[in-house]
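**Q** Structure incoming, see below.
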């Protein structure tokens, strides 16, 4: 399954990052994203919340209702215990904002795809050393596509996911720079649009991302 998910990310070139959306709204959002061509969704953990029950419920709903259509993962996972909670809820990949050896090891032990976050070459290399399948480079929008190209020089064996500030206008440039895929949050899965129930708008935005990435030619 890990290989299948990694291949899907490589094929679709995008993970939709869902943050601040309740489990009661997640089904409509997931459907809107799917209709726009999205096949991978990350539900981020709210570390400031009293517990993760609503985030876990959102993962479970996506996994239950879209199991044949969408690959769902957990994001902002900060501990080995949270890895176990995410996997129990149905998460198929684990994404973190940092390089945490315990999180990576626990993810691998549970046979799930590990995607830790990094910025510097040292962090990217460390993530790979601990067993990451894919490394999230954040904040990619500030660092720019040239930074991805520079990282790929000495570390071309490590697949990278560009995250942070990714728009419909710049997403393809990160793929051309060598990123395997991109992660898109508020510009795609906007809490304001969800609250206003403008799911048709979300579908259109998703379609713009998928079209830009589909048309992108890598070097």
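Residue numbers (the working numbering): 1 to 219. Don't be surprised by glycine CBs; every beta carbon is placed ideally from N, CA and C. It should be emphasised that the depicted structure is a prediction, and the values quoted were computed from it without experimental measurement.
On the CB-based measure, 16 or more other CB atoms within 10 Å of its CB, does residue 88 come out buried or exposed?
**A** As a first step, residue 88 must be located in the chain shown, where it is residue number 88. Exposed, by the Cβ-count rule.
**Q** Which residues in the same chain as residue 185 place their Cβ atom closer than 7 Å to its Cβ, once the five residues preceding and following it in sequence are excluded?
**A** As a position in the chain shown, residue 185 is number 185, starting the count at 1. These residues qualify, in order along the chain: 17 and 19.
**Q** Work out the CA separation of residue 4 and residue 70 for me, nearest whole Å.
**A** Position 70 of the chain shown, counted from the first residue, corresponds to residue 70. Position 4 of the chain shown, counted from the first residue, corresponds to residue 4. Computed Cα separation, rounded: 12 Å.
**Q** Tell me the rounded alpha-carbon separation between residue 208 and residue 168.
**A** Locating residue 208 in the chain shown gives position 208, where the first residue counts as 1. Locating residue 168 in the chain shown gives position 168, where the first residue counts as 1. Computed Cα separation, rounded: 6 Å.
**Q** Going by Cα to Cα distance, which pick from 85, 84 and 92 is closest to residue 63?
**A** Residue numbering aside, residue 63 sits at position 63 when the chain shown is read from its first letter. Ranking the options by Cα distance to residue 63, first place goes to 92.
**Q** Could you tell me if the beta carbon of residue 115 falls within a distance shorter than 8 Å of some heavy atom in the ligand GDP?
**A** For the ligand GDP, the structure offers nothing, since it holds no ligand at all.
**Q** Around the Cβ of residue 44, are there at least 16 other Cβ atoms within 10 angstroms (buried) or fewer (exposed)?
**A** Taking the chain shown and counting its residues from 1, the one referred to as residue 44 is at position 44. Residue 44 should be labelled buried.
**Q** To the nearest whole angstrom, what separates the beta carbons of residue 42 and residue 73, a pair I think is in contact under 8 Å?
**A** For the purposes of this step, residue 42 is identified with residue 42 of the chain shown, where counting begins at 1. For the purposes of this step, residue 73 is identified with residue 73 of the chain shown, where counting begins at 1. 5 Å between Cβ atoms; contact.
**Q** Residue 213 and residue 38 look like a contact to me (Cβ under 8 Å); what is the Cβ gap, rounded to whole Å?
**A** By 1-based counting over the chain shown, the position of residue 213 is 213. By 1-based counting over the chain shown, the position of residue 38 is 38. Not confirmed; about 11 Å, so no contact.
**Q** When DSSP labels each residue in this structure, what does residue 216 get in the three-state scheme?
**A** The sequence position of residue 216 within the chain shown is 216, counting from 1. Correct three-state label for residue 216: coil.
**Q** In its own chain, which residues sit with a C-beta less than 7 Å from the C-beta of residue 219, not counting the 5 before and 5 after it?
**A** As a position in the chain shown, residue 219 is number 219, starting the count at 1. Annotation note: pLDDT 47 at residue 219 (below 50); position unreliable, coordinate value reported separately. Hits under 7 Å: 176.
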